[in-house]
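For reference, the structure is listed below as structure tokens.
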Amino acid sequence: MSLVLPFAGKLRGLAFGLYGLFPADDLGRVITRDPGTPQFLEYDGLHRFALYAAVAYHLGPVAAGVGMQLLDSAQGSLALTEDLASASIPQRTLQLDLLPRAAFDAGLAWNAASWLRFGGSYRGAAQVGLSLPADVNLGPLAFDLQLQALSFYRPPTWTLGAAYVGTGFSIDVDASWLQWSQAPDPALQATFTPSTPILPNLSSGPSGVKLVDEPVVRVGAEVHLGGPFSLLAGYAYAPNPVPDQTGPTNLLDCDRHEVAAGLLWKFGDLIGFSTGPDGLLLGGQYHALVQRQALKTDPLDLYGDASYGGSLWQLSLTLTLRFGGGA
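Take the sequence shown: its letter number 233 is residue 232 in numbering that gives the first Met the number 0, and every next letter is one higher.
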């Protein structure tokens, strides 16, 4: 769900935008019918909320905007108690709460001339994870288990771009700097603390993987073919931030060459509500994942050497309706 609201009158030039992503299903529900009957439960996927609000102001050839994105992380607790004498489970509780996390964005655009535009933006880091402490009591054995995992991370990103807009041809280029080096350790963190001194305390260590900062370069163009049709094309190169996987970890990521093309058909107001011109865009993308090898330095590595790569295809059909002005 999204909303863009431009203001008029004394607030002319100011606009407010709101975007929300909400789960269609329950976040999670477990119902116990008979506490004495063992059950097997599978929890597959946590539906997440996302909310983005932004405000922008346009004054002459300059426009600026700021925004805030709210994501949610899951934090909860698990408790399990078993009574061996009666072969029953008197307590089992799983609780998950959603905690909001904020990410800050900002952008600036400048129309230097009718045919030349410049822009820049900053996207703050966004992080979503799971924290689940567990208290398990199995009679003679009781232990605490702490689990922490990172399920999503977007690095701080700086972008600069420029665009040339002609009568029958336009082209734009931009470059981004992704600060992957600020990412937290991607490994699952687990701590096992038993109640008996017979068993040792166990904990997983960091993966030792340090992501590296990488640039992403993009270029796109639009050529007017005559009449209502235009041809669009674009290319992007995105190197991967994962170092060579020579150790025990297996984070499989590749450099990407991304190619896109589309055919745009602009037409008048066919529905009687928009001010046009409306448009229908048939587009496609091809992502080439550059083949990469993981050569292990330890001959006794459990997984051994690996080779990975591939390709991705995507087709899209987009209908655009314009309200409140021309092209």
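From the three backbone atoms N, C-alpha and C, an ideal C-beta is built for every residue, glycine too.
Distance, residue j Cα to residue i Cα
i, j, result
"P193", "D297", "32 Å"
"T158", "D104", "11 Å"
"L177", "L231", "26 Å"
"L279", "V135", "57 Å"
"T245", "P238", "18 Å"
"S1", "T80", "46 Å"
"K295", "T166", "55 Å"
"A155", "Q313", "What sits at residue 155 in the sequence shown is Pro, not Ala. Taking the straight line from one Cα to the other gives about 27 Å."
"V54", "W109", "17 Å"
"D184", "K209", "7 Å"
"D300", "T248", "10 Å"
"P89", "L201", "27 Å"
"P5", "P240", "39 Å"
"L144", "S130", "11 Å"
"R11", "L98", "36 Å"
"R255", "Y236", "6 Å"
"F151", "R100", "12 Å"
"S76", "E221", "53 Å"
"L352", "A186", "This structure does not reach residue 352, given that the chain is present from 0 up to 326, and the question cannot be answered."
Limits of the beta strand (DSSP E) - the one that residue i falls within
i, result
"P193", "Q188 to P193"
"A49", "A49 to L58"
"W264", "R255 to F266"
"P5", "S1 to P5"
"R116", "L115 to R122"
"Q284", "D277 to A293"
"L210", "Run containing L210: none; DSSP gives neither H nor E here."
Assigned secondary structure, residue i (DSSP; H/G/I helix, E/B strand, else coil)
i, result
"S202", "strand"
"L328", "Nothing in the structure corresponds to residue 328, since the chain is present only between 0 and 326."
"Q181", "helix"
"V222", "strand"
"L159", "strand"
"G128", "strand"
"G138", "coil"
"G8", "helix"
"A166", "Looking at the sequence shown, residue 166 is not Ala but Thr. Residue state, collapsed to three classes: coil."
"P332", "The structure shown does not extend to residue 332, since the chain spans only 0 to 326, so no value can be given for it."
"L98", "strand"
"G303", "coil"
"D243", "coil"
"N249", "coil"
"P349", "Since the first and last residues shown for the chain are 0 and 326, residue 349 lies out of range."
"P89", "strand"
Residue environment, residue i, which counts as buried when at least 16 other CB atoms sit within 10 Å
i, result
"L263", "buried"
"Q68", "buried"
"W179", "buried"
"L70", "buried"
"A293", "buried"
"G66", "buried"
"V20", "Position check: residue 20 holds Leu in this sequence, whereas Val was assumed. Exposed is the call here."
"S113", "exposed"
"V3", "exposed"
"S203", "exposed"
Residue i and residue j closer than 8 Å at C-beta
i, j, result
"L288", "G309", "yes"
"G64", "G106", "yes"
"F266", "P227", "yes"
"Y234", "E257", "yes"
"Q181", "A124", "yes"
"L327", "A102", "Outside the displayed range of the chain (0 to 326) lies residue 327, so it cannot be described from this structure."
"A174", "V216", "yes"
"D277", "T317", "no"
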